[in-house]
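Keeping their order, the protein sequence lines are chains A and B.
Taking the working numbering, I'd label the letters of the first sequence as residues 12 to 193.
Taking the working numbering, I'd label the letters of the second sequence as residues 24 to 331.
In this text, a Cβ means the ideal position worked out from N, Cα and C, and glycines have one as well.
One structure is given here, and the rest of the page talks about it.
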Amino acid sequence: MEPLHVRCAAFARGLCRSRSDADDLYQESLLRAFTRLDALRDEAAFRTWMYRIVISVHRNQLRKDFIRRLSPFHMPRSELARLAGHGDDVSIETLYRSTDWSPEAAEAARRARAALAALPTAQREAIVLFEIEGMLVAEIAAIQSVSESAVKSRLARGRERMRAHYGITSADAIPAAAGDPT
Amino acid sequence: MSTVDKFVAADLVALAAYDRRELPSFADSLVRLPIEEGSAPHLELLPLAHSYALRVGQGVWGAAALACVWVLMVFMHVPMDWQHKAFVRDTLDQGSNVMLVWLFATAIAGYARRFAEQRFTRFVSRASDPVAVGSHLVDDVEPWSISFRIAGVTSLVVLFGVVLSMVENHTLFWFPTVPLPSSHPGSWNFLAADFLLDPENSSYDLERLRDLRIAMVLISALAVVIGRSYVRQGRLARILREARVRWIAIFLSVVLLVAAFDLSALHVNRDQSWILTIVTALGAGSFLVSVASFAVKRGGGVEAANQD
Numbered sequence: 012m013e014p015l016h017v018r019c020a021a022f023a024r025g026l027c028r029s030r031s032d033a034d035d036l037y038q039e040s041l042l043r044a045f046t047r048l049d050a051l052r053d054e055a056a057f058r059t060w061m062y063r064i065v066i067s068v069h070r071n072q073l074r075k076d077f078i079r080r081l082s083p084f085h086m087p088r089s090e091l092a093r094l095a096g097h098g099d100d101v102s103i104e105t106l107y108r109s110t111d112w113s114p115e116a117a118e119a120a121r122r123a124r125a126a127l128a129a130l131p132t133a134q135r136e137a138i139v140l141f142e143i144e145g146m147l148v149a150e151i152a153a154i155q156s157v158s159e160s161a162v163k164s165r166l167a168r169g170r171e172r173m174r175a176h177y178g179i180t181s182a183d184a185i186p187a188a189a190g191d192p193t
Numbered sequence: 024m025s026t027v028d029k030f031v032a033a034d035l036v037a038l039a040a041y042d043r044r045e046l047p048s049f050a051d052s053l054v055r056l057p058i059e060e061g062s063a064p065h066l067e068l069l070p071l072a073h074s075y076a077l078r079v080g081q082g083v084w085g086a087a088a089l090a091c092v093w094v095l096m097v098f099m100h101v102p103m104d105w106q107h108k109a110f111v112r113d114t115l116d117q118g119s120n121v122m123l124v125w126l127f128a129t130a131i132a133g134y135a136r137r138f139a140e141q142r143f144t145r146f147v148s149r150a151s152d153p154v155a156v157g158s159h160l161v162d163d164v165e166p167w168s169i170s171f172r173i174a175g176v177t178s179l180v181v182l183f184g185v186v187l188s189m190v191e192n193h194t195l196f197w198f199p200t201v202p203l204p205s206s207h208p209g210s211w212n213f214l215a216a217d218f219l220l221d222p223e224n225s226s227y228d229l230e231r232l233r234d235l236r237i238a239m240v241l242i243s244a245l246a247v248v249i250g251r252s253y254v255r256q257g258r259l260a261r262i263l264r265e266a267r268v269r270w271i272a273i274f275l276s277v278v279l280l281v282a283a284f285d286l287s288a289l290h291v292n293r294d295q296s297w298i299l300t301i302v303t304a305l306g307a308g309s310f311l312v313s314v315a316s317f318a319v320k321r322g323g324g325v326e327a328a329n330q331d
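Written out as structure tokens, the structure is:
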């Protein structure tokens, strides 16, 4: 598992809205993987199996969001910031203050995170696996348990939504590069 | 990154770089505790106590519930003088009350754990994440967990028990009565008006009502225990996880238990008590399946992935 650690942990962060969410997701996925290790029939497929567990745990957590939002314990963001000592100011400049991450890079990452967060779950998974993790369509199809054409469709729709999120029209898009599945 | 627009691709590169910064080590990921060091160490007691309560409760109370349900089901329908069953019934009644306390205590412990973890630890790490987005900043470690299911089941059971207790104690007279005279024996009416209007001469068998209430409490506890402890994987778990199975079981349990309730409330001819036995058993079985199905639903995604 250790060789996969960095990629899987980063993949979890790509799926979630925050690092804390992602680290919880990754930890939960690791625990699930260890408890279900005996169910893995083909050791050669470990990587795909592990990614599938991350996706499954993530989807389970998303399903629980609906119930969570009804909880009286849900705390608004302003309250969180106040408790964290930031008053009502939760701007990115305030939040990045304690890190060595430049404001521009943090803003770029935040834009990408927001664009990914706006995608439906399946499209977000496909985009992260293809664009960030650099996986092949066939691998993504195996991980998401769908056909390759379905993955291509998710990628195309996901990109279109991201463009819309950024306010980019299709005419502005760069030509598809060689090997583009769509 | 070559297949999306340059601007988007640059941001994705930044995000990928950001997400690879300060990754927890592999060892840390395995032992990472939800409560950060130094933030509120005393709160570690809450998850520990909750976990301990669950383990002890599942083992001891599961066995006790199984035994009680079996004894109750036998004694409910053995053809003997009802007076001779008083001791058994009273014992089971007290046992079901203790079971309710356990269910509530477990649920409250779960709520307390969740609240403490959210309130005192979550916001610390969230606020230090500059690229976190969205409004769901408050998360929890074990949302919609066994505690919530137990709380839900318990609420239903307690509601059921409270209504019956009020009926037993003749304190339900504020309930709006409906003009259903006792000249309609056998009517499928949940709270028969003849009891409300004339409890002394009611056709309801209150002892059997109490038996049913006890059985509901014990079956609820048993179903939660079975669902969480013993049916986590395998073919039975896959069947229970089917939404269709869950909803059919819920429908059947409602219909059959209401039927059993009415049959037992009205004096059933002793010679026909086998009908009540069958309906009650089917209703209890459906109820058990539906609750166990809800309990086993959590974690289905991973096991579904493992099946391929």
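Check	Outcome
Any idea what DSSP makes of A/A44, helix, strand or coil?	helix
Quick check: A/E171 and A/Q155, are their CB atoms within less than 9 Å of each other?	no
A/P14: buried (16+ other C-beta within 10 angstroms of its C-beta) or exposed?	exposed
Do A/G25 and A/E144 have their CB atoms nearer than 9 Å?	yes
A/T46: buried (16+ other C-beta within 10 angstroms of its C-beta) or exposed?	exposed
Note down, in chain order, each residue of its chain lying with its Cβ closer than 7 Å to the Cβ of A/A129, except the 5 sequence neighbours on either side.	R172, H176
Here's a check: name, in chain order, each residue in its chain whose Cβ is nearer than 6 Å to the Cβ of A/I138, leaving out the five neighbours to either side.	G169
Can you round the beta-carbon distance between B/D34 and A/A123 to whole angstroms, since I take them to be within the 8 Å contact cut?	4 Å
Report the neighbours of A/V17 on chain B: residues whose CB is nearer than 8 Å to its CB, in chain order.	R43, L46
Quick one: Cα of A/E115 to Cα of A/P131, how far?	27 Å
Can you tell which of A/C19, A/V65, A/Q72, A/S158 has its C-alpha closest to the C-alpha of B/R43?	A/C19
Establish whether the CB of A/A123 and some CB of chain B are separated by less than 9 Å.	yes
Does the beta carbon of A/L130 sit closer than 9 Å to a beta carbon anywhere in chain B?	no
With a cut-off of 8 Å, do at least 3 Cβ pairs link the region 259-278 of chain B to the region 302-312 of chain B?	yes
Assuming the contact rule is C-beta atoms closer than 8 Å, A/H16 and B/F49 should be a hit. Round their C-beta distance to whole Å, please.	4 Å
Determine the closest residue to B/F317 out of B/T303, B/R261, B/F30, B/L46, with distance taken between C-alpha atoms.	B/R261
Taking 9 Å as the cut-off, decide whether the C-beta atoms of A/A120 and B/A40 are in contact.	yes
Using a Cβ-Cβ cutoff of 8 Å, what residues of the region 16-38 of chain A are near chain B? List them in chain order.	H16, V17, A20, A21, R24, G25, R28, S29, R30, S31, D32, A33, D34, D35, Y37, Q38
Under 8 Å Cβ-Cβ, which residues of chain A neighbour B/L38?	G25, A119, A120, A123, R124, L127, I143
Tell me the DSSP secondary structure of A/L140 in three-state form.	helix
If you draw a straight line from the alpha carbon of A/F57 to that of A/R165, how long is it in whole angstroms?	24 Å
Could you pull out every residue in the same chain whose Cβ sits closer than 6 Å to the Cβ of A/R174, ignoring the five residues on either side in sequence?	none
Would A/A133 count as contacting chain B if we go by Cβ distances under 9 Å?	no
Buried or exposed: where does A/E54 fall if 16 or more other Cβ atoms within 10 Å of its Cβ makes it buried?	exposed
Go ahead and pull the three-state DSSP assignment for A/E159.	helix
I'd like the span of the alpha helix (DSSP H) that includes B/D34, first residue to last.	29-42
Restricting to Cα atoms, I'd like to know which of A/D49, A/C27, A/Y62, A/V162 is closest to A/Q72.	A/C27
Below 8 Å on the Cβ atoms is my guess for A/A21 versus B/L263; work out the distance and round it to an integer in Å.	About 35 Å; that fails the 8 Å criterion.
Step through the CB atoms of chain B and report whether any lies within less than 9 Å of the CB of A/M146.	no
Please name the residue in A/Q134, A/G178, A/V65 whose C-alpha comes closest to that of A/D35.	A/V65
Kindly say whether A/R168, judged by its beta-carbon, lies nearer than 9 Å to any beta-carbon of chain B.	no
Against A/A116, what residues of chain B qualify as contacts under a CB-to-CB distance less than 9 Å, listed in chain order?	A37, A40, Y41
For the alpha helix (DSSP H) that A/R122 lies in, which residues bound it at each end?	114-128
A/T48: buried (16+ other C-beta within 10 angstroms of its C-beta) or exposed?	Inspection of the sequence shows that residue 48 of chain A is occupied by Leu rather than by Thr. Exposed: under 16 other Cβ atoms inside 10 Å.
Is the CB of A/R58 under 9 Å away from at least one CB in chain B?	no
Applying the criterion that 16 or more other CB atoms from any shown protein chain within 10 Å of the CB defines a buried residue, is B/W350 buried or exposed?	Since the first and last residues shown for chain B are 24 and 331, residue 350 of chain B lies out of range.
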